[in-house]
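A.B. asks: Dropping the structure in here first, questions after.
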Amino acid sequence: MRTIRDLPALRARVHDWKEAGESVGLVPTMGALHAGHLALVQAARAACDRVIVTLFVNPRQFDRPEDLARYPRTEEGDATLLQPHGVDVLFAPDAATVYPPGFATSVSVAGLPDVLCGAHRPGHFDGVATVVTKLLLMTGATSAFFGEKDWQQLQVIRRLVADLNIPVRITGCPTVRERDGLALSSRNQRLGPPERLAAPALHREMATAAGAIARGAGVGDSLAAARSRLITAGFSQVEYLELRAGDTLALLEAPAAGARLFAAAWIGGVRLIDNIAV
Ligand code: PAF
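Now the structure itself:
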């Protein structure tokens, strides 16, 4: 695996691969890698001739400066973790390579970001859409792999790729979970021991509510019960817990094909998100 930081070197390498007729898989990350990222790398490895992992902590997608400041930066450990997984290039540009002086363009998808995380994190999805567009164009990837844990992000990316005619295939990969159900996230490292013990309640209560709804229980009652059980379990706030269509993210009052439960909740000062099919 070669680490590349500048665009001309990345372009030259990808040019050679494409000349040889090879497909290029992209796994965009902000580092602090865990088994969820490695599952994306494995999916890219299985589907593509070449694999690029990008590591860039994108300042434009942080709505709170303190979140950006304390985001873990662990490039050396990340590179070591990737080493045995058949990655060809780790592209780790600095901020001036991605956003050179005078940078004045933003990619903004309308509609999808108005709900769920987007409603609580102003500007977040513009930051994601802008950097993902840049990473797709910089790498020239033929396929790109994203985790379904960030379901709303995945829909925003599918939309922008279709709207901007970017020639890349987007693949969503299933959420990777701890044995107790907690979805893997770099934020989990910030949970203290008691919060880590309580955190799986998020997935557990979502699964209970999803099961009840699928069996015909009322959506409002099932979600209200889940909210109250989450607070009892130790969560300080349930930011949202909603049944929505998986593709349009439209709010649903009854289960329908493709419906999903989406949640964001705070525990020990850490915001956790999850989503599951109903
Ligand atoms: O999901 C993430 O880690 C980030 O939002 C992404 C897609 C790498 C863009 O910075």
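Reading the sequence shown from the start, the letters are residues -9 to 268 in this note's numbering.
Just so it is clear, CB atoms sit at the ideal spot from N, CA and C, and this is done for glycine as well.
For ligand 2, is there a heavy atom less than 6 Å away from the beta-carbon of residue 97?
C.D. replies: With respect to ligand 2, the structure shown offers nothing to examine, as its ligands consist of ligand 1.
A.B. asks: Could you give the distance in angstroms between the alpha-carbon of residue 222 and the alpha-carbon of residue 5?
C.D. replies: Counted from its first residue, the sequence shown places residue 222 at position 232. Counted from its first residue, the sequence shown places residue 5 at position 15. Roughly 56 Å separates the two Cα atoms.
A.B. asks: Please output, in chain order, the residues near ligand 1 using a CB cut-off of less than 6 Å to any non-hydrogen atom of the ligand.
C.D. replies: The filter returns 18, 19, 20, 48, 51, 118, 121, 122, 140 and 143, in chain order.
A.B. asks: Would you tell me roughly how many angstroms separate the C-alpha atoms of residue 103 and residue 109, rounded to the nearest one?
C.D. replies: Taking the first residue of the sequence shown as 1, we reach residue 103 at position 113. Taking the first residue of the sequence shown as 1, we reach residue 109 at position 119. Each residue's Cα considered, the two are about 7 Å apart.
A.B. asks: Within this structure, are the beta carbons of residue 233 and residue 251 separated by less than 7 Å?
C.D. replies: Counted from its first residue, the sequence shown places residue 233 at position 243. Counted from its first residue, the sequence shown places residue 251 at position 261. Contact: yes.
A.B. asks: Around the Cβ of residue 155, are there at least 16 other Cβ atoms within 10 angstroms (buried) or fewer (exposed)?
C.D. replies: Position 165 of the sequence shown, counting from 1, holds the residue named residue 155. Result: exposed.
A.B. asks: As a quick exercise: from 56, 138 and 212, pick the residue whose alpha carbon is nearest that of residue 259.
C.D. replies: In the sequence shown, the residue the question calls residue 259 occupies position 269. The residue with the shortest Cα to Cα distance from residue 259 is 56.
A.B. asks: Are residue 169 and residue 117 touching if we call contact CB-CB under 7 Å?
C.D. replies: Indexing the sequence shown from 1 puts residue 169 at position 179. Indexing the sequence shown from 1 puts residue 117 at position 127. No.
A.B. asks: Please say whether residue 202 and residue 268 have beta carbons closer to each other than 7 Å?
C.D. replies: Here residue 268 is taken as the residue at index 278 of the sequence shown, counted from 1. Here residue 202 is taken as the residue at index 212 of the sequence shown, counted from 1. No, they are not a contact pair.
A.B. asks: Under 8 Å, with one C-beta from each stretch per pair, do the region 89 to 105 and the region -5 to 9 reach the 3-pair mark?
C.D. replies: Touching, no, given that fewer than three Cβ pairs across the two stretches are closer than 8 Å.
A.B. asks: Let me confirm a value: residue 3 is counted as buried when at least 16 other C-beta atoms fall within 10 Å, else exposed. Which label applies?
C.D. replies: What you label residue 3 is simply residue 13 of the sequence shown in a count that begins at 1. Residue 3 comes out buried.
A.B. asks: Any idea what DSSP makes of residue 156, helix, strand or coil?
C.D. replies: In the sequence shown, the residue the question calls residue 156 occupies position 166. Of the three classes helix, strand and coil, the one that applies to residue 156 here is coil, per DSSP.
A.B. asks: With a threshold of 16 other CB atoms inside 10 Å of the CB of residue 226, please say whether the residue is buried or exposed.
C.D. replies: Sequence index remark: in the sequence shown, residue 226 carries index 236 (1-based). Label assigned to residue 226: exposed.
A.B. asks: From the DSSP output, read off the bridge partner residues of residue 165.
C.D. replies: Counting from one through the sequence shown, the residue named residue 165 turns up at place 175. The partner list for residue 165 (beta bridge, DSSP) is empty, contrary to what the question assumes.
A.B. asks: For residue 112, collect the residues of the same chain with a Cβ closer than 7 Å to its Cβ; drop the 5 residues on either side in sequence, then sort them by chain order.
C.D. replies: If you number the sequence shown from 1, residue 112 lands on position 122. So the qualifying residues of the chain are 53.
A.B. asks: According to DSSP, is residue -4 part of a helix, a strand, or is it coil?
C.D. replies: Taking the sequence shown and counting its residues from 1, one reaches residue -4 at position 6. In this structure, residue -4 counts as coil in the three-state DSSP scheme.
A.B. asks: What would DSSP say about residue 210, mapped onto helix, strand or coil?
C.D. replies: Locating residue 210 in the sequence shown gives position 220, counting from the first residue. In this structure, residue 210 counts as helix in the three-state DSSP scheme.
A.B. asks: Smallest Cα separation from residue 20: which of 11, 187 and 64?
C.D. replies: Your numbering for residue 20 matches position 30 in the sequence shown. Checked all of 11, 187 and 64; the closest Cα to residue 20 is 64.
A.B. asks: So residue 18 is in the beta strand (DSSP E); what residue range does that whole segment cover?
C.D. replies: Numbered from its first residue, the sequence shown carries residue 18 at position 28. Here the beta strand (DSSP E) through residue 18 covers 14 to 19.
A.B. asks: Considering only residues of the same chain and omitting the five flanking positions on each side of residue 0, which have a CB-CB separation below 6 Å?
C.D. replies: As a first step, residue 0 is located in the sequence shown; it is residue number 10 there, counting from the start. Answer for residue 0: -6 and 81, listed in chain order.
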